[in-house]
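Those protein sequences? They're chains A and B, same order as listed.
FYI, in our numbering the residues of the first sequence are 45 to 230.
FYI, in our numbering the residues of the second sequence are 45 to 230.
The structure appears right after this line, and notes come after that.
2 protein chains.
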Amino acid sequence: MKVREKRDFPVGEVRRFLEPGPIVLVSSAWQGKANIMTMGWHMVMEFEPSLIGCYIWTQNHSFEMVRRSKACVINVPTADLAPKVVGIGNTSGRDVDKFSEFGLTAVPGTKVAAPLIGECFASFECRLIDASLIAKYSLFVLEVVKAHVAASPKYPRTLHYRGDGVFMLSGTNTARYRKHFKAQNL
Amino acid sequence: MKVREKRDFPVGEVRRFLEPGPIVLVSSAWQGKANIMTMGWHMVMEFEPSLIGCYIWTQNHSFEMVRRSKACVINVPTADLAPKVVGIGNTSGRDVDKFSEFGLTAVPGTKVAAPLIGECFASFECRLIDASLIAKYSLFVLEVVKAHVAASPKYPRTLHYRGDGVFMLSGTNTARYRKHFKAQNL
Numbered sequence: 045m046k047v048r049e050k051r052d053f054p055v056g057e058v059r060r061f062l063e064p065g066p067i068v069l070v071s072s073a074w075q076g077k078a079n080i081m082t083m084g085w086h087m088v089m090e091f092e093p094s095l096i097g098c099y100i101w102t103q104n105h106s107f108e109m110v111r112r113s114k115a116c117v118i119n120v121p122t123a124d125l126a127p128k129v130v131g132i133g134n135t136s137g138r139d140v141d142k143f144s145e146f147g148l149t150a151v152p153g154t155k156v157a158a159p160l161i162g163e164c165f166a167s168f169e170c171r172l173i174d175a176s177l178i179a180k181y182s183l184f185v186l187e188v189v190k191a192h193v194a195a196s197p198k199y200p201r202t203l204h205y206r207g208d209g210v211f212m213l214s215g216t217n218t219a220r221y222r223k224h225f226k227a228q229n230l
Numbered sequence: 045m046k047v048r049e050k051r052d053f054p055v056g057e058v059r060r061f062l063e064p065g066p067i068v069l070v071s072s073a074w075q076g077k078a079n080i081m082t083m084g085w086h087m088v089m090e091f092e093p094s095l096i097g098c099y100i101w102t103q104n105h106s107f108e109m110v111r112r113s114k115a116c117v118i119n120v121p122t123a124d125l126a127p128k129v130v131g132i133g134n135t136s137g138r139d140v141d142k143f144s145e146f147g148l149t150a151v152p153g154t155k156v157a158a159p160l161i162g163e164c165f166a167s168f169e170c171r172l173i174d175a176s177l178i179a180k181y182s183l184f185v186l187e188v189v190k191a192h193v194a195a196s197p198k199y200p201r202t203l204h205y206r207g208d209g210v211f212m213l214s215g216t217n218t219a220r221y222r223k224h225f226k227a228q229n230l
């Protein structure tokens, strides 16, 4: 499992990777410790600013880490990382250092203190810009302030969770319907 | 394109179909008219009650229809419906009756006035239970009050949008990692 070399990517275009609904790994840092959680409940909320909404359960160790540090990194793992994705979901940052436990590389962020996960295909540095929905819905409104994406493949195989231990693996990509879109709807 | 026979499905388990992030068709009804919109920005927010968050742009004709009727149906189209999904996104309910225009069947809902789309694989009747985030984020918090899912296949091929006219088609499903999950995390 190697660290993927990534390039800067436009923050307003992270939907390319998030709108199809992959399981992501959320990395965070607080008071000298880093953590990772597995997350499936997220959505694009705006292009400009680039907003992502996500649900973090109050019982997750990451809940307070993201809330207090007001930042995190949303990392998109490829399908070959599935065993680590499951293992990260099974364990708590209260008990283990997940970067060490799962052999993942913490790469310093450029805009936030939270580390990127080197082995992931894409990493989106986020700031918590609205904490007002956390109490009612555990909903964190994040702004993507810096995006890093591996140069190839253009769209890797990703993991999409259905619950009950079942993953859907992303399939083929097609632009065959592109010509039918009105330009403003692309 | 035929109407799919659907069965009752537990509302708390709609994540099986929504968490993987498919493009959905949102049907609504208001003042004797029905409409359909294509939507890619949604997320699961809770199991019990079964909550879904979704973004509807203020300029969409469906925005006021859902807001005023306080209800809609989230329908999951299969990949063979892609041309209709694109066409529905290209047109406005201000100008056309989309059920008629795209040859889709409006099936009466059981809990809400909005019609189900007969040709879709799954249809989730929803009530708007929190309109307080619409003004700031165009975010509709919906409760799934009745779920209908076709009996087979268990998981059909779905469309996942990447922007720029590119769809990702859902690939294979695998339970091979199921045995690695802690029971409470399934």
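Even for Gly, the Cβ is constructed at its ideal location relative to N, Cα and C.
Note that the region 195 to 202 of chain A touches the region 121 to 133 of chain A; at least 3 beta-carbon pairs, one per stretch, sit closer than 8 Å.
When the beta-carbon positions are compared, Arg48 (chain B) and Glu169 (chain B) stay at least 8 Å from each other. Excluding its 5 nearest sequence neighbours in each direction, Gly133 (chain A) has C-beta neighbours in its own chain below 6 Å: Thr82, listed in chain order. Here Lys46 (chain A) is exposed: its Cβ has fewer than 16 other Cβ atoms, across all protein chains shown, within 10 Å. CA-to-CA, the gap between Phe225 (chain A) and Ser144 (chain B) works out to about 20 Å. Beta-bridge annotation (DSSP): Cys170 (chain B) is paired with B:Cys116 and B:Val188. Contact between Met89 (chain A) and Leu62 (chain B) is absent: CB atoms are separated by about 16 Å, not below the 8 Å threshold. Within a 10 Å sphere around the beta-carbon of Gly76 (chain B) sit fewer than 16 other beta-carbons, which makes this residue exposed.
Three or more Cβ pairs closer than 8 Å define a contact, and the region 215 to 224 of chain B meets that threshold against the region 204 to 218 of chain A. In this structure, A:Val188 is the residue among A:Ala227, A:Tyr205, A:Gly215 and A:Val188 with its C-alpha nearest to the C-alpha of Pro54 (chain A). Counted as a single uninterrupted DSSP element, the alpha helix (DSSP H) harbouring Glu145 (chain B) occupies residues Lys142 to Glu145. Taking 8 Å as the CB threshold, His192 (chain A) stays off the interface with chain B. A Cβ-Cβ distance of about 6 Å is found for the pair Arg60 (chain B) and Gly207 (chain A), placing them in contact under the 8 Å criterion. Per DSSP, Lys50 (chain A) is not a residue of any alpha helix (DSSP H); the beta strand (DSSP E) it occupies stretches across Lys50 to Phe53. Short of 7 Å from the beta carbon of Trp101 (chain A), and not among the five residues preceding or following it, lie these beta carbons of its own chain, in chain order: Phe107 and Ser182.
The beta carbons of Thr135 (chain A) and Lys128 (chain A) sit about 11 Å from each other, so the pair does not count as a contact at 8 Å. The beta carbons of Val117 (chain B) and Ala158 (chain B) sit about 5 Å from each other, so the pair counts as a contact at 8 Å.
A direct Cα-to-Cα measurement between Leu160 (chain B) and Ala175 (chain B) gives close to 22 Å. By the 16-neighbour rule on beta-carbons within 10 angstroms, Lys155 (chain A) is exposed. Per DSSP, reduced to three states, the secondary structure at Val130 (chain A) is helical. Secondary structure within the region 45 to 90 of chain A: the alpha helix (DSSP H) runs of 4 or more consecutive residues, fully enclosed, are 59 to 62 (chain order). When A:Phe165, A:Leu95, A:Ala150 and A:Thr149 are compared, the shortest CA-CA separation from Ile67 (chain A) is found for A:Phe165.
Beta-bridge partners assigned by DSSP to Met109 (chain A): none are found.
Per DSSP, Ile178 (chain A) is one residue of the alpha helix (DSSP H) stretching across Ile178 to Tyr181.
In this model, Gly131 (chain A) and Gly215 (chain B) are separated by some 23 Å (Cα to Cα). Apart from sequence neighbours up to five positions away, the residues of its chain that approach His192 (chain A) with a beta-carbon distance below 6 Å are Lys50 and Ser167, ordered along the chain.
The Cβ of Asp139 (chain B) sits no closer than 8 Å to any Cβ of chain A. Taking a Cβ-Cβ threshold of 7 Å, the residues of chain B close to Lys226 (chain A) are Asn134, in chain order. Cβ-Cβ distances below 8 Å link Pro64 (chain B) to Thr202, His204 and Ser214 in the same chain, with the five nearest sequence neighbours on each side left out; the list follows chain order.
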